[in-house]
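In the numbering used here, the protein residues as written are 69 to 554.
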Amino acid sequence: MSALFQLTATEIRRRVAAREVSCEEVARAHLDRIAAVEPRVDAFLLVLADRALGRARALDRALAAGEAAPPLAGVPVAVKDVLDVEGLPTTCGSRILEGYRPPFTATAVARLEAAGAIVVGKTNMDEFAMGSSTENSAWKPTRNPWDLARVPGGSSGGSAAAVAARLVPVALGTDTGGSIRQPAALCGVVGIKPTYGRVSRYGLVAFASSLDQVGPFARTVEDAAAVSSVLCGADPFDSTSAARAVPDFAGALGRGLDGLRIGVPWGFLGEGVEAQTLARFREALGDLEAAGARVVEVALPHLPHAIATYYIVATAEASSNLARFDGVRYGLRSGEPSDLGTMYGQSRDRGFGAEVKRRIVLGTFVLSSGYYDAYYLRAQKVRTLIRRDFDRAFEACDVVATPTTPTPAFRLGEKTGDPLQMYLADIFTVPANLAGIPGLSLPCGLAGGLPVGLQLLGRPFDEETLLGVGAAYQRATRHHDLAPAV
Ligand code: GLN
């Protein structure tokens with residue numbers, strides 16, 4: 069029999085609902101697992117043992133009194149430290165927010181808690197979600213559970229590592245240019261970036277508001293679907309959340325693949341994909357074909373411009389969003405400055421790390437008068453062309469498939485000296501954010517003992533097809549059963 073910390077969210081909820089196990093027992097099992105493994109992985113910035121046990125006991129009392137088990141009853145979750153939980157610190161992996169405690173809870177977290185999930189901690193991340201390795205955290209790097217000398221990916225590396233190391237069955241991340249899908253791939257777990265607008269951004273500290281989305285990490289597509297059904301939906305506190313009905317995603321999981329068309333942009337995959345990663349990708353396509361799907365080639369001609377476009381749009385929005393961290397309203401304030409301007413300057417100088425400063429400078433530049441038309445406006449036009457590429461591709465196919473990343477997990481320190489190399493880790497993930505479409509990353513085997521991710525992209529608001537294909541793939545291959553030995 070599996071230990072409680074090895075169970076999926078679906079199985080935990082089933083046992084809790086059947087009164088076979090209490091929420092407190094489940095919470096304790098995961099807190100014990102965290103105590104044993106966390107010193108090696110460093111996935112968390114904050115572990116909330118007392119809060120978690122208190123909530124678990126309260127839920128146990130409600131269940132004992134005869135209440136029906138909510139959809140995520142007793143499921144432990146970890147939350148990326150960019151999402152607010154009332155009264156607890158939110159650091160965004162930055163020193164500038166030191167001491168800040170938000171007076172409200174992010175809608176995404178509130179929805180999980182209302183569904184019976186138990187928040188066990190806040191996870192490590194690249195500062196303000198800027199990065200692909202979690203090495204930009206002001207506090208510590210997180211390690212990849214498959215090889216502790218390697219990065220877990222980023223920026224949601226703490227959440228991905230926590231799920232991979234069986235510290236929690238489910239975690240929340242955010243994805244602005246790949247920060248859910250890329251760490252999911254590098255850690256061998258499932259990650260979903262929902263359609264822009266599917267999940268409320270209320271209580272999410274903004275990086276690039278037109279790109280940011282909240283989404284789940286899990287080990288199975290079934291669990292990711294269960295969490296998505298709770299997370300998604302319009303929110304009066306976020307005017308960009310979409311007023312679209314949210315299906316019960318579980319309904320999509322049994323779909324077969326007969327007649328499904330999978331589009332592959334071979335022209336974009338040619339160079340730069342490491343050989344074994346490409347081999348796993350080709351095998352995944354073969355497995356999907358064997359299960360009834362048809363693979364067709366699609367052209368996405370503007371994708372080679374996606375990284376450049378992303379780093380203009382994202383930095384422009386970041387420079388504006390991060391202007392509020394000035395030493396006055398939140399967190400860190402520099403010592404005894406002589407005047408207001410010096411106080412702003414010193415607080416920001418001490419509070420922000422190098423990557424955040426680089427992006428504020430770049431974003432301010434592309435928005436400055438004289439350069440706005442040449443950079444920002446042009447990037448917006450290319451963004452539209454990328455969106456149209458996908459619209460056209462989805463006339464010929466139902467999902468687009470690529471490897472999630474060009475290589476498996478790289479070594480700690482390997483890319484920190486070369487920001488451009490780091491940016492290229494997201495070459496296959498950023499197009500979905502620019503186009504606003506949903507994306508799913510699934511484990512598709514190992515390369516040199518390290519996980520490889522298969523990325524599936526879908527039509528806007530068609531998470532169901534992604535989940536259906538992902539579930540069929542997991543039934544056929546069971547690559548998701550592979551676990552690191554951490
Ligand atoms: N790695 C990308 C960046 O640094 C994406 C980050 C994200 O999705 N939050 O911007």
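Just so it is clear, CB atoms sit at the ideal spot from N, CA and C, and this is done for glycine as well.
Check: Pick from Glu88, Ala111, Glu92 and Ser223 that is closest to valine 554, judged by C-alpha positions; Outcome: Ala111
Check: Which listed residue (Lys425, Ala544 and Ala86) has its alpha carbon closest to that of aspartate 355; Outcome: Ala544
Check: Serine 200 beta carbon less than 8 Å from that of glycine 222; Outcome: yes
Check: Opposing strand residues paired with cysteine 255 [DSSP bridges]; Outcome: DSSP lists no partner for cysteine 255.
Check: Beta-carbon proximity list for arginine 125, same chain, < 7 Å, skipping 5 on both sides; Outcome: Glu92
Check: CA-to-CA distance, glycine 324 to glutamate 423, given in whole angstroms; Outcome: 44 Å
Check: Leucine 67 in three-state terms, based on DSSP; Outcome: With the chain covering only 69 through 554, there is no way to say anything about residue 67.
Check: Among Phe349, Pro506, Pro107 and Val89, the one whose alpha carbon lies nearest that of alanine 229; Outcome: Pro107
Check: Inter-residue spacing [alpha-carbon to alpha-carbon] between valine 258 and tyrosine 264; Outcome: 19 Å
Check: Simplified DSSP assignment, three categories, for leucine 337; Outcome: helix
Check: For glycine 161 and aspartate 215, believed in contact at Cβ under 8 Å, the rounded distance; Outcome: The Cβ separation is near 22 Å, so there is no contact.
Check: Where proline 372 falls, given that 16 or more other Cβ within 10 Å makes a residue buried; Outcome: exposed
Check: Given valine 332 as reference, the closest of Arg119, Arg101 and Leu525 once Cα atoms are compared; Outcome: Leu525
Check: Own chain partners of valine 434 with C-beta closer than 7 Å, once the 5 adjacent residues on each side are dropped; Outcome: Ile380, Thr383, Ala384, Tyr443 and Tyr444
Check: CA nearest to the CA of leucine 508, picked from Ala352, Ala253, Leu272 and Val145; Outcome: Ala253
Check: Outcome for proline 251 when other beta-carbon atoms lying within 10 angstroms are tallied against a minimum of 16; Outcome: buried
Check: Methionine 411: CB within 7 Å of a non-hydrogen atom of ligand 1; Outcome: no
Check: Candidates Val363, Arg456 and Leu453, of which the one nearest valine 467 by Cα; Outcome: Val363
Check: Residues that alanine 544 bridges to, as DSSP identifies them; Outcome: For alanine 544, which the question treats as bridged, DSSP gives no partner whatsoever.
Check: Three-state class that DSSP yields for glutamate 531 in the structure shown; Outcome: helix
Check: Contact the stretch 513–524 vs the stretch 338–357: 3+ CB pairs below 8 Å; Outcome: yes
Check: Beta-carbon proximity check, glycine 245 vs leucine 279, cutoff 8 Å; Outcome: yes
Check: Check: serine 247 C-beta below 7 Å from any heavy atom of ligand 3; Outcome: As presented, the structure is devoid of ligand 3, carrying ligand 1 as its sole ligands.
Check: Check: threonine 484 C-beta below 7 Å from any heavy atom of ligand 1; Outcome: no
Check: Distance cut-off 7 Å: threonine 244 Cβ against heavy atoms of ligand 1; Outcome: yes
Check: Residue range of the beta strand (DSSP E) that includes glycine 517; Outcome: Here glycine 517 belongs to no beta strand (DSSP E), and DSSP marks it neither H nor E.
Check: Own chain, CB closer than 6 Å to isoleucine 80, minus 5 neighbours either side, in chain order; Outcome: Val94, Gly142 and Val143
Check: Presumed contact (8 Å Cβ cut-off) between glycine 226 and lysine 148, rounded CB distance; Outcome: 7 Å
Check: C-beta contact flag for valine 145 and alanine 197 at 8 Å; Outcome: no
Check: Collapsed DSSP secondary structure at threonine 191 in the structure displayed; Outcome: strand
Check: beta-carbon glycine 161 near ligand 1 non-hydrogen atom, thresh 7 Å; Outcome: no
Check: Enclosing beta strand (DSSP E) for phenylalanine 433 [first to last residue]; Outcome: Where phenylalanine 433 is concerned, there is no enclosing beta strand (DSSP E), although the alpha helix (DSSP H) it sits in stretches over 422–435.
Check: Check whether phenylalanine 496 and threonine 473 have beta carbons under 8 Å apart; Outcome: yes
Check: Residues of its chain near glutamine 478, where Cβ-Cβ distance is below 8 Å and the 5 sequence neighbours each way are ignored; Outcome: In the sequence as presented, glutamine is not what sits at residue 478; that position holds phenylalanine. If we look at phenylalanine 478 and ignore the five residues flanking it on each side, its Cβ neighbours are Ser201, Arg218, Val219 and Ala493.
Check: Residue closest to valine 238, alpha-carbon to alpha-carbon, out of Arg249, Val187 and Asn212; Outcome: Val187
Check: Assumed close pair glycine 421, methionine 411 - CB separation to whole angstroms, cut-off 8 Å; Outcome: Between methionine 411 and glycine 421 the Cβ distance is about 19 Å, and since that is not below 8 Å, they are no contact.
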